[in-house]
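Residue numbers (the working numbering): 20 to 145.
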């Protein structure tokens with residue numbers, strides 16, 4: 020594996036791993052404030068793997084898309100997979116469908132203003 024490829028994977032995984040603080044802390048905070056709330060188990064721990072692989076593809080393939088579109092595609096894929104996972108488990112509820120709208124937006128912003136600048140600053144992208 021080339022150094023640039025490994026660096027791209029680590030950048031994506033590190034950003035997603037750092038961002039994992041928010042869903043885990045938010046879940047703990049919500050369940051302590053609302054004891055009757057049933058928390059749905061979501062595999063957030065897989066996000067660094069997905070972000071690392073997606074960034075590796077970004078650096079390796081150099082797709083003819085703007086960074087925001089590339090990040091939005093990852094967000095759309097993650098939201099659709101989560102909706103399908105919860106539906107298969109019988110835990111789906113209508114508010115989860117909103118993730119298909121806001122997750123691509125958040126991921127597009129993160130990709131444009133965090134991932135790509137880190138790639139360029141650390142030498143993962145030429």
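Positions of the beta carbon are idealized from the N, C-alpha and C atoms, including for glycine.
Inter-residue distance for residue 28 and residue 72 is about 6 Å (C-alpha atoms, whole angstroms). Within the same chain, and ignoring the five residues on either side of residue 52 in sequence, no residue has its Cβ closer than 7 Å to its Cβ.
For residue 21, the secondary structure class from DSSP, reduced to helix, strand or coil, is coil. Listed in chain order, the alpha helix (DSSP H) elements of length 4 or more contained wholly in the region 106–136 are 118–129.
Contact check for residue 67 and residue 32: beta-carbon distance about 4 Å, within the 8 Å limit, so the pair qualifies. For the region 20–93, the full-length alpha helix (DSSP H) segments reaching 4 residues or more read 22–38, 40–52, 66–80 along the chain.
For residue 30 and residue 69, the gap between their C-alpha atoms comes out near 12 Å.
Between residue 86 and residue 131, the gap from beta carbon to beta carbon is short of 8 Å. Between residue 133 and residue 34 the beta-carbon gap is near 6 Å, inside 8 Å, which marks them as a contact. Beyond the five residues adjoining it in sequence on each side, residue 110 comes within less than 7 Å, by CB distance, of 59 in the same chain, given in chain order. Taking a 10 Å sphere around the C-beta of residue 135, we find 16 or more other C-beta atoms and assign the residue as buried.
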